[in-house]
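Peer 1: Protein chains in written order, with the numbering used here: chain A, 1 to 166; chain B, 1 to 500. A virtual CB, placed ideally from N, CA and C, is assigned to each residue, including glycine. Source: prediction; values computed, not measured.
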Amino acid sequence: MVVEDPAEPSAGKRERSLNLNLEVCAGIFLIAAAAAAYYAALPLDAGSMSGVGSGLLPKATSLGLAGFGVYLALLGLWGSPERIDGFSFRGIIFVLGAIVAFAATVRPFGLLVAGPIAMLISSMADPDTRPLEILLFTACMTAACYLLFKVVLHLPIPVLPPLLGY
Amino acid sequence: MWDLITNLQLGLSVAGSLKNMGLCFLGCLIGTLIGVLPGVGPIATIAMLLPLTFGLDPVGALIMLAGIYYGAQYGGSTTAILVNIPGEATAVVTVLDGHQMAKQGRAGIALGIAAIGSFIAGTIATIIIAAAAKPLTTLALLFGPADYFALMVLGLMFAVVLARGSVPKAIAMIFFGILLSTVGTDIETGEERLTFGWMEIADGIDFAVIAMGMFGFAEILRNLEHKEARAVVSAKIGRLLPNMADLKVSLAPILRGTAIGSILGFLPGNGAVLGPFASYSTEKKIAKDPSRFGRGAIEGVAGPESANNAGAQTAFIPLLTLGIPPNAVMALMIGAMTIHGIVPGPQIITKQPELFWGMIASMWIGNLMLLIINLPLIGIWVRLLQVPYRLMFPAIIIFCCIGIYSINNSPTEVLLTAAFGLFGYLLIKLGFEVAPLLLGFVLGRLMEEKLRQAMVISRGSLWTFIDRPVSLALLVLTLVILVASALPAIRKSRETVFTE
Numbered sequence: 001m002v003v004e005d006p007a008e009p010s011a012g013k014r015e016r017s018l019n020l021n022l023e024v025c026a027g028i029f030l031i032a033a034a035a036a037a038y039y040a041a042l043p044l045d046a047g048s049m050s051g052v053g054s055g056l057l058p059k060a061t062s063l064g065l066a067g068f069g070v071y072l073a074l075l076g077l078w079g080s081p082e083r084i085d086g087f088s089f090r091g092i093i094f095v096l097g098a099i100v101a102f103a104a105t106v107r108p109f110g111l112l113v114a115g116p117i118a119m120l121i122s123s124m125a126d127p128d129t130r131p132l133e134i135l136l137f138t139a140c141m142t143a144a145c146y147l148l149f150k151v152v153l154h155l156p157i158p159v160l161p162p163l164l165g166y
Numbered sequence: 001m002w003d004l005i006t007n008l009q010l011g012l013s014v015a016g017s018l019k020n021m022g023l024c025f026l027g028c029l030i031g032t033l034i035g036v037l038p039g040v041g042p043i044a045t046i047a048m049l050l051p052l053t054f055g056l057d058p059v060g061a062l063i064m065l066a067g068i069y070y071g072a073q074y075g076g077s078t079t080a081i082l083v084n085i086p087g088e089a090t091a092v093v094t095v096l097d098g099h100q101m102a103k104q105g106r107a108g109i110a111l112g113i114a115a116i117g118s119f120i121a122g123t124i125a126t127i128i129i130a131a132a133a134k135p136l137t138t139l140a141l142l143f144g145p146a147d148y149f150a151l152m153v154l155g156l157m158f159a160v161v162l163a164r165g166s167v168p169k170a171i172a173m174i175f176f177g178i179l180l181s182t183v184g185t186d187i188e189t190g191e192e193r194l195t196f197g198w199m200e201i202a203d204g205i206d207f208a209v210i211a212m213g214m215f216g217f218a219e220i221l222r223n224l225e226h227k228e229a230r231a232v233v234s235a236k237i238g239r240l241l242p243n244m245a246d247l248k249v250s251l252a253p254i255l256r257g258t259a260i261g262s263i264l265g266f267l268p269g270n271g272a273v274l275g276p277f278a279s280y281s282t283e284k285k286i287a288k289d290p291s292r293f294g295r296g297a298i299e300g301v302a303g304p305e306s307a308n309n310a311g312a313q314t315a316f317i318p319l320l321t322l323g324i325p326p327n328a329v330m331a332l333m334i335g336a337m338t339i340h341g342i343v344p345g346p347q348i349i350t351k352q353p354e355l356f357w358g359m360i361a362s363m364w365i366g367n368l369m370l371l372i373i374n375l376p377l378i379g380i381w382v383r384l385l386q387v388p389y390r391l392m393f394p395a396i397i398i399f400c401c402i403g404i405y406s407i408n409n410s411p412t413e414v415l416l417t418a419a420f421g422l423f424g425y426l427l428i429k430l431g432f433e434v435a436p437l438l439l440g441f442v443l444g445r446l447m448e449e450k451l452r453q454a455m456v457i458s459r460g461s462l463w464t465f466i467d468r469p470v471s472l473a474l475l476v477l478t479l480v481i482l483v484a485s486a487l488p489a490i491r492k493s494r495e496t497v498f499t500e
């Protein structure tokens with residue numbers, strides 16, 4: 001049982017707020033992205049007005065982006081008190097992990113292996129997942145995907161490991 | 001006038017073929033099915049189901065995708081009425097009165113009037129599209145590159161003003177989208193741009209990858225954060241068909257909603273989202289007893305639902321006539337067209353009349369189908385709503401993975417989608433709206449192309465944008481909108497529309 005601090009207005013919310021200023025972080029994020037893009041666009045020629053080069057648009061937009069980044073950061077520094085909500089790291093790890101696992105296994109092992117792996121890994125993102133239920137559901141979904149994408153739609157996705165001759 | 005009828009006849013003969021009717025039906029059904037599930041909006045739905053259409057001919061594929069689109073719209077309203085959660089953004093207002101009606105045991109009537117209103121709006125919108133198509137394509141053919149460029153600038157400005165949230169943040173997202181669109185090989189010089197030496201993105205980033213990452217995966221991450229409490233109405237759905245009194249009260253709101261929705265849907269930006277809001281506040285303003293709103297007023301369902309459907313359809317006008325997508329869903333449609341080898345733009349209507357008119361006619365058929373299939377199937381939708389999210393999101397993930405892999409048979413694109421999922425989640429966390437980014441991404445390439453052409457034609461003189469009357473008018477309009485959106489009075493009303 002956690003005792004809520006009445007002085008803290010966000011107490012009682014499930015997600016704890018990170019103590020970072022929203023606009024400042026948003027601004028820094030834009031500036032960093034713009035810097036990376038501008039750096040990559042450095043070797044490209046912006047050309048002249050009559051012959052717009054390949055570099056004009058990337059450079060112009062990244063400068064614009066950086067401008068908005070600065071604006072947002074200043075906005076955050078002066079006044080805007082909004083904070084960033086907590087991140088759901090559990091979600092990030094298992095959901096993205098599941099997708100990466102699918103990408104890694106679909107070619108060598110096929111849909112009938114990659115599909116269940118992705119579903120089972122992703123299901124761990126939710127603390128409410130029940131083992132038996134998700135196993136049954138995964139089996140049904142895998143069969144349904146096989147029927148839909150392979151039997152009905154004939155998509156060229158591998159089904160089983162090629163070693164087995166499929 | 002006669003032209004219109006013969007054209008629609010051609011369309012009906014294409015859309016009315018057994019195969020296309022079947023595809024339209026299937027699209028509506030699947031679209032509703034997925035639209036009913038909360039947390040999966042139309043963008044993720046279409047991106048996810050894109051592979052279903054790979055084996056079809058272009059006409060059939062687009063008819064099916066369009067069916068999925070308005071099926072998803074309609075499904076979203078069903079969720080709004082029964083569960084108090086909008087299935088997607090366009091149904092947010094329907095929640096207010098629709099769910100109250102459901103609590104009072106009038107869920108069936110709310111669903112019924114939503115379906116009837118949508119059908120009437122859809123019919124009128126179909127006629128509007130058919131009537132506007134010819135003149136607009138003629139106009140579009142007169143457009144030079146400079147005019148096109150100016151038009152897209154105007155479109156993006158609209159998108160910013162009509163989007164929710166902060167204007168500078170929305171503009172920043174558009175810049176980000178344009179920047180992402182430049183990744184890959186430059187069409188003119190053949191140079192690799194912003195690829196960081198990574199061969200896999202030398203052809204540019206696939207639109208479906210961004211859409212699925214930012215609207216599919218990022219949404220899942222956000223939904224996992226806070227568990228929604230789903231209160232499915234356990235009371236009886238009740239009678240489905242509204243009685244005469246209900247219809248009489250609803251007719252005027254339906255027509256007003258259709259008018260508002262048609263205009264806003266045609267404009268770039270979040271037309272289909274803004275329409276329902278505007279319709280709701282109009283109805284509330286002119287009602288004799290505004291206090292009934294929020295407590296189950298049938299006008300509060302009829303008007304917004306019609307506006308939503310009308311807007312969803314008129315959004316096709318800029319896409320089909322000018323080749324410019326007014327919102328993210330239409331941007332996805334462009335992606336689908338490109339996969340099937342169709343170049344969107346004014347030439348479609350003359351070169352592929354069967355495609356053009358067939359698609360328009362199928363919209364009307366689709367609306368009729370929604371009316372017919374949804375009312376008896378509501379029982380199934382209700383049961384579907386009881387599927388918990390813990391089962392839903394793994395299913396969405398596997399569908400998205402298969403979908404993305406199938407577009408180019410590339411596991412790398414699946415990885416890239418995951419990266420965009422993380423990127424989208426970060427942006428959401430930082431308070432950005434991702435829809436403008438998507439629009440900027442799609443328009444970015446087109447804008448660069450038109451800008452280059454315009455500059456070559458004018459020999460590098462920027463005056464070309466001001467010398468040409470069309471482009472000048474469009475740019476002036478852009479400026480007016482920008483200034484207007486910064487005015488305190490308009491800013492305030494914009495805020496109230498969205499907070500209501």
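So residue 485(B) contacts chain A; which residues on that side make the cut at Cβ distance below 7 Å?
Peer 2: None at all; the shortest Cβ gap to chain A is about 16 Å.
Peer 1: Does residue 100(A) get closer than 9 Å to chain B when you measure Cβ to Cβ?
Peer 2: Closer than 9 Å: yes.
Peer 1: Let's test the definition: count the other Cβ atoms within 10 Å of the Cβ of residue 285(B) and tell me whether it reaches 16, buried, or not, exposed.
Peer 2: Exposed, since its Cβ has fewer than 16 Cβ neighbours within 10 Å.
Peer 1: In the DSSP assignment, the alpha helix (DSSP H) including residue 53(A) goes from what residue to what residue?
Peer 2: Note, residue 53(A): premise wrong, no alpha helix (DSSP H); not H, not E.
Peer 1: Three or more C-beta pairs closer than 8 Å, one from the segment 107-115 of chain B and one from the segment 294-310 of chain B: is that the case here?
Peer 2: Yes, the segment 107-115 of chain B is in contact with the segment 294-310 of chain B.
Peer 1: Kindly indicate which three-state DSSP category residue 84(A) falls into: helix, strand or coil?
Peer 2: Three-state result, residue 84(A): strand.
Peer 1: Shorter than 8 Å, the distance from the beta carbon of residue 103(A) to the closest heavy atom of the ligand FMN, or not?
Peer 2: Within the structure as shown, the ligand FMN is missing, as the structure has no ligands at all.
Peer 1: Give the interface partners of residue 106(A) over in chain B, defined as CB-CB distance under 9 Å, in chain order.
Peer 2: The answer, in chain order, is 401, 402, 405, 411 and 414.
Peer 1: Short of 9 Å Cβ to Cβ, which residues in the segment 154-172 of chain B face chain A?
Peer 2: Answer in chain order: 166, 168, 169, 171 and 172.
Peer 1: Looking at the structure shown, is residue 449(B) part of a helix, part of a strand, or coil, going by DSSP?
Peer 2: Helix.
Peer 1: Any idea what DSSP makes of residue 182(B), helix, strand or coil?
Peer 2: In the structure shown, residue 182(B) sits in coil (DSSP, three-state: anything other than H, G, I, E or B).
Peer 1: Cβ of residue 145(B) within 9 Å of Cβ of residue 449(B)?
Peer 2: Yes.
Peer 1: Which residue or residues does DSSP assign as beta-bridge partners of residue 192(B)?
Peer 2: According to DSSP, which records beta bridges pairwise, residue 192(B) is partnered with 185(B).
Peer 1: Is there contact between the segment 418-431 of chain B and the segment 112-124 of chain A, where contact requires at least three CB pairs shorter than 8 Å?
Peer 2: Contact between the segment 418-431 of chain B and the segment 112-124 of chain A is absent, because fewer than three Cβ pairs lie under 8 Å.
Peer 1: Examine the Cβ distances between the segment 205-217 of chain B and the segment 468-487 of chain B and report whether three or more of them are shorter than 8 Å.
Peer 2: In short, these stretches do not touch, since the Cβ pair count stays below three.
Peer 1: Under 8 Å between beta-carbons, which chain A residues line up against residue 429(B)? List them in chain order, please.
Peer 2: Per Cβ cutoff of 8 Å: 84, 85 and 87.
Peer 1: Can you list the alpha helix (DSSP H) stretches of 4 or more residues lying completely in the segment 242-277 of chain B, in chain order?
Peer 2: Runs of the alpha helix (DSSP H) inside the segment 242-277 of chain B: 244-266.
Peer 1: Taking only beta-carbon positions, decide if residue 442(B) is within less than 9 Å of chain A.
Peer 2: Residue 442(B) does not count as touching chain A.
Peer 1: Quick one: Cα of residue 37(B) to Cα of residue 39(A), how far?
Peer 2: Taking the straight line joining both Cα atoms gives about 43 Å.
Peer 1: Does residue 74(A) come within less than 9 Å of chain B when only Cβ atoms are used?
Peer 2: Chain B contact via Cβ: absent.
Peer 1: Express the C-alpha separation of residue 446(B) and residue 186(B) in angstroms, rounding to a whole number.
Peer 2: Computed Cα separation, rounded: 13 Å.
Peer 1: Taking CB distances under 9 Å as the criterion, tell me whether residue 397(B) reaches chain A.
Peer 2: For residue 397(B), the answer is yes, since a Cβ of chain A falls inside 9 Å of its Cβ.
Peer 1: Who are the neighbours of residue 432(B) on chain A, taking C-beta pairs under 8 Å?
Peer 2: By Cβ distance, chain A contributes 26.
Peer 1: Can you list the residues of chain A that residue 513(B) reaches, using a CB-CB cut of under 9 Å?
Peer 2: Beyond the ends of chain B as shown, which are 1 and 500, falls residue 513(B); an answer cannot be given.
Peer 1: Here's the rule: buried if 16 or more other CB atoms are within 10 angstroms of the residue's CB, otherwise exposed. What is residue 138(B)?
Peer 2: Burial call: exposed.
Peer 1: Within the chosen definition, does the segment 343-360 of chain B reach the segment 448-468 of chain B through at least 3 CB pairs nearer than 8 Å?
Peer 2: Contact fails: fewer than three Cβ-Cβ distances are below 8 Å.
Peer 1: Note down, in chain order, every chain B residue with its Cβ under 9 Å from the Cβ of residue 71(A).
Peer 2: Within chain B, the residues near residue 71(A) are 168 and 172.
Peer 1: Determine the contact status of residue 119(B) and residue 371(B), defining contact as a CB-CB distance below 9 Å.
Peer 2: For residue 119(B) and residue 371(B), yes; Cβs fall inside 9 Å.
Peer 1: Can you pull the chain A neighbours of residue 16(B), defined as C-beta to C-beta under 8 Å?
Peer 2: By Cβ distance, chain A contributes nothing, its closest Cβ being about 24 Å from residue 16(B), past 8 Å.
Peer 1: List the residues of chain A whose Cβ lies closer than 8 Å to the Cβ of residue 417(B), in chain order.
Peer 2: Simply 99.
Peer 1: I'd like the span of the alpha helix (DSSP H) that includes residue 200(B), first residue to last.
Peer 2: No alpha helix (DSSP H) holds residue 200(B); DSSP gives it neither H nor E.
Peer 1: For residue 437(B), I'd like the list of residues in its chain whose CB is within less than 6 Å of its CB, leaving aside the five on either flank, ordered along the chain.
Peer 2: The answer, listed in chain order, is 173, 176 and 177.
Peer 1: With H, G and I counted as helix, E and B as strand and the rest as coil, what does DSSP make of residue 19(A)?
Peer 2: Strand at residue 19(A).
Peer 1: Here's the rule: buried if 16 or more other CB atoms are within 10 angstroms of the residue's CB, otherwise exposed. What is residue 99(B)?
Peer 2: Flag for residue 99(B) reads buried.
Peer 1: Kindly give me the distance between the Cβ atoms of residue 121(B) and residue 254(B), rounded to whole angstroms, as I take these residues to be in contact under 8 Å.
Peer 2: With 8 Å as the limit, residue 121(B) and residue 254(B) qualify as a contact, their Cβ atoms being about 7 Å apart.
Peer 1: May I ask you to verify whether the segment 123-133 of chain B touches the segment 391-410 of chain B, counting CB pairs closer than 8 Å and requiring at least 3?
Peer 2: Contact between the segment 123-133 of chain B and the segment 391-410 of chain B is absent, because fewer than three Cβ pairs lie under 8 Å.
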